[in-house]
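Colleague: Pasting in a structure now, in structure tokens, and then I'll have a few things to ask.
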Amino acid sequence: MKHKLIFATGNPNKVKEVNQILNGALEVVSMKDFGVTEDIPETSDTIEGNALQKARYLAKHYQVDCFSEDTGLEVEVLGGAPGVHTARYGGASRSAEANMGRLLKELGGEMNRVAQFKTVIALILDGKEYTFEGICKGSILRSQRGEGGFGYDPIFQPLGYDKSFAELPYSEKNKISHRGKAMEQLIEFLKNRG
Ligand code: IMP
114 MKHKLIFATG NPNKVKEVNQ ILNGALEVVS MKDFGVTEDI PETSDTIEGN ALQKARYLAK
174 HYQVDCFSED TGLEVEVLGG APGVHTARYG GASRSAEANM GRLLKELGGE MNRVAQFKTV
234 IALILDGKEY TFEGICKGSI LRSQRGEGGF GYDPIFQPLG YDKSFAELPY SEKNKISHRG
294 KAMEQLIEFL KNRG
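Numbering of the sequence shown is given in my numbering, commencing with residue 114 and proceeding in unit increments.
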């Protein structure tokens, strides 16, 4: 039987994307398809801690091999904020507009706009824990640019580019993004394991 791995995400596009890359080497299924419907706690004060917390929850309650991911935006001059609070920086609505609005307000006319996105993937396989980290360095623009992407994409410009993430085609963003890099490592690891 093909080895099944549960991906702790509610986003079916992410599951589809990983399966396409794995090309049948292993089968990744979403929590929903596996029958997990409850919200998994995310109460850690680090990105890595949250990723591990989600994977450990699934492994403990469902005795499955699984992985989860957590992402945060870290702004240098704000001491690494919003970091673990990235999703709800602008309030409980978790809206991208509110999140970007708060960040632009906090930065005001600040010259140092250095920032990075960080994704941590936590994998639990045969009872062992592994983590994979992907970082994308860049800076925070002074206002929104572009229509594509999601979240903070319109105000994040990756290092070496003169476009925001929201102005880059999805395929190009994936090659250099935090999540793309972390996923690449996970997939390499899984493929080598066979
Ligand atoms: P999550 O861990 O994927 O839920 O992401 C946490 C927060 O970071 C959410 O507010 C997302 O909108 C934001 N975020 C994650 N990845 C990206 C990205 O690639 N571009 C812009 N925002 C992102």
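Every residue gets a Cβ at the ideal spot worked out from N, C-alpha and C, and that includes glycine.
These figures come from a predicted structure and were not determined experimentally.
Once the 5 residues before and after Thr199 are set aside, which same chain residues still bring their CB inside 6 Å of it?
Modeller: Excluding positions up to five away in sequence, the list reads Gly185, Leu186.
Colleague: Between Gly264 and Tyr283, is the Cβ-Cβ spacing less than 8 Å?
Modeller: In this structure, Tyr283 does not lie closer than 8 Å to Gly264 by Cβ.
Colleague: If I measure Cβ to Cβ from Gln257 and keep anything under 8 Å in the same chain, skipping five residues before and after, which residues do I get?
Modeller: Closer than 8 Å at Cβ, skipping near neighbours: Met213, Pro267, Ile268, Ser277, Ala279.
Colleague: Quick check on DSSP: helix, strand or coil for Ser157?
Modeller: Reduced to three states, the DSSP call for Ser157 is coil.
Colleague: If we ignore side chains and look at the alpha-carbon of each, how far apart do Phe302 and Gly222 end up?
Modeller: Straight-line Cα distance between these residues: approximately 43 Å.
Colleague: Specify, as a first and last residue, the run of the alpha helix (DSSP H) that Tyr265 falls within.
Modeller: Segment: none, Tyr265 is in no alpha helix (DSSP H) and carries neither H nor E.
Colleague: Between Asn287 and the ligand IMP, is there a pair consisting of the residue's CB and a ligand heavy atom that are separated by less than 7 Å?
Modeller: No; taking the cut-off as 7 Å, the Cβ of Asn287 has no heavy atom of the ligand IMP nearer than that.
Colleague: So which of Asn132, His116, Gly123, Lys117 has the shortest CA-CA distance to Met296?
Modeller: Per the Cα distances, Asn132.
Colleague: Starting from Lys304, follow the alpha helix (DSSP H) in both directions and report where the run begins and ends.
Modeller: Looking at the DSSP string, the run of the alpha helix (DSSP H) that includes Lys304 is 291-306.
Colleague: Which ranges does the alpha helix (DSSP H) cover as unbroken runs of at least 4 residues, wholly within the region 148-194, from first to last along the chain?
Modeller: Fully enclosed alpha helix (DSSP H) runs of 4 or longer: 160-175.
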